[in-house]
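Novice: The structure is given below, and queries will be raised subsequently.
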Amino acid sequence: MFFFNIALEIETSLSPDELLQRCLAIELELGRVRLFKWGPRLIDIDLLLYENVEMDTEKLKIPHPYMKERAFVMIPLQEIAEPVAAEYWQDDLVAGQTVLKTDFRIEQ
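Sequential numbering from 64 applies to the sequence shown in my numbering.
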């Protein structure tokens with residue numbers, strides 16, 4: 064099974080909580096069904112970072128608590144924000160993970 068992972072940097076006037084709610088609504092519109100935590104999913108939108116904000120609530124943790132353990136998250140993040148990704152990159156956590164790079168692009 065293959066998964067496509069991308070990282071986006073956006074500008075928004077939404078608060079972190081509002082942005083999370085917007086992401087969840089997009090997932091729902093695209094057909095995501097949440098049966099159980101970490102279950103299979105058609106789409107998964109994660110909020111990794113938000114400016115210099117650090118927060119830890121029941122619904123939202125910033126920075127994302129598992130991003131540095133996942134090469135499939137860190138590599139796309141590194142491609143768009145290398146200095147930021149370097150702050151979180153930990154070789155020992157992503158060692159042994161296989162990530163295949165594609166030239167797939169979405170353009171407007």
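Glycine included, each C-beta is placed from N, C-alpha and C at the ideal position.
Remember, it's a predicted structure, so these values are computed and weren't measured experimentally.
1) Is I125 helix, strand or coil by DSSP?
2) Going by DSSP in three states, D119 sits in which element: helix, strand or coil?
3) Among the residues of its own chain, which have a CB less than 7 Å from the CB of W101, if the five just before and after it don't count?
4) Could you check how far apart the C-beta atoms of V147 and L112 are, in whole angstroms? I think they sit under 8 Å.
5) Can you tell me whether M118 is buried or exposed, with buried defined as 16 or more other CB within 10 angstroms of its CB?
6) So, are the CB atoms of I108 and C86 less than 8 Å apart?
7) So, helix, strand or coil for Y113, using DSSP?
8) Can you tell me the Cα-Cα spacing of E74 and F99, whole angstroms?
9) So E74 is in the alpha helix (DSSP H); what residue range does that whole segment cover?
10) Excluding the 5 residues flanking Y15 on each side, which residues of the same chain have their C-beta closer than 6 Å to its C-beta?
11) Is the Cβ-Cβ distance between I143 and E72 less than 8 Å?
Specialist: Taking the geometry as given:
1) I125 falls in the strand class under three-state DSSP.
2) In the three-state reduction of the DSSP assignment, D119 falls in the strand class, which pools E and B.
3) Once the five neighbours on either side are set aside, W101 has no close Cβ partner at all.
4) 7 Å between Cβ atoms; contact.
5) With fewer than 16 other CB atoms across the displayed protein chains lying within 10 angstroms of its CB, M118 is exposed.
6) Taking 8 Å as the Cβ cut-off, I108 and C86 qualify as a contacting pair.
7) Residue state, collapsed to three classes: coil.
8) Taking the straight line joining both Cα atoms gives about 31 Å.
9) No alpha helix (DSSP H) contains E74, which DSSP labels as neither H nor E.
10) Residue coverage of the chain in this structure runs from 64 to 171, which leaves residue 15 outside it and unanswerable.
11) Note that the C-beta distance between I143 and E72 is below 8 Å.
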